[in-house]
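Numbering (UniProt numbering), first residue to last: 1 to 162. Before any comments, here is the structure.
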Amino acid sequence: MLELEISHHFIHSMGVHLGICGMLWTVIVLAILVDLWDRIYTNKKLGKKVSSHKMRITIDKFTEYWRFMLIAFTIDTVLFVGFYLYHIPLLPYASMALCIVLLIIEIKSLYEHAKERKSELVQLNDLMQIIINATTSNDAKDAIKSVSEFITKSRGAVQDNG
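Now the structure itself:
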């Protein structure tokens, strides 16, 4: 029968394990907050309404990620105790792997926000060129039509985000 001796080494190893997990959780929370901040920045930059719906999405994302992190922590704890009994050093690999996956998801989200900002700005720049180059009445009518379409499209995007 195996006995679990609670030695200074065990307590130190557990402290390192918990410390690493705590840092990983902090990194995930910060990544979620950066994603929220970037979404708000993107909406303001594009002139879109910032809605409470985005806050709910962030809270839902946080609770979803938290559940996965708790599952990874549980797996790491079981592995930690099992490996400690056999004197094999172990770090919270499941938590680290999940943290990396969640960070990749958040980085992808930030990239999508930047792409959205760039896309809208390019369209606005093209629209400005159409207006500037309108020298005849037909060009002016085309410019007004383009502005109208742009505004209609922008309003639709605001309603989708609202």
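C-beta: ideal position from N, C-alpha, C; glycine also. As the structure is a prediction and not an experimental result, all values here were calculated from the model.
Nearest to residue i by alpha carbon, out of the options?
i      : options                      : result
Met128 : Lys145, Glu112, Glu116       : Lys145
Arg39  : Val27, Ile57, Thr26, Met23   : Ile57
Leu24  : Tyr93, Asn125, Tyr111, Lys48 : Tyr93
Ile151 : Trp66, Gly47, Gly15          : Gly47
Leu110 : His8, Thr136, Ala143, Asn43  : Asn43
Ala31  : Ser52, Asp126, Cys99         : Cys99
Cys21  : Ile71, Asp142, Lys118        : Ile71
Under 9 Å, do residue i and residue j count as touching if we go by C-beta distance?
i      : j      : result
Ser95  : Met55  : no
Asp60  : His17  : no
Phe73  : Ser13  : no
Val27  : Leu90  : no
Asp35  : Glu116 : no
Tyr65  : Phe10  : no
Ile131 : Val147 : yes
How should residue i be labelled, buried or exposed, when 16 other C-beta atoms within 10 angstroms of its C-beta is the threshold for buried?
i      : result
Tyr86  : exposed
Ala114 : exposed
The alpha helix (DSSP H) that contains residue i, what's its start and end?
i     : result
Ala31 : 8 to 45
Ser52 : 52 to 85
In the stretch 91 to 154, which residue ranges form an unbroken alpha helix (DSSP H) of at least 4 residues, counting only runs that do not cross its ends? When DSSP assignments are scanned along the stretch 91 to 154, the uninterrupted stretches of alpha helix (DSSP H) that are 4 or more residues long and fall wholly within it turn out to be 93 to 132.
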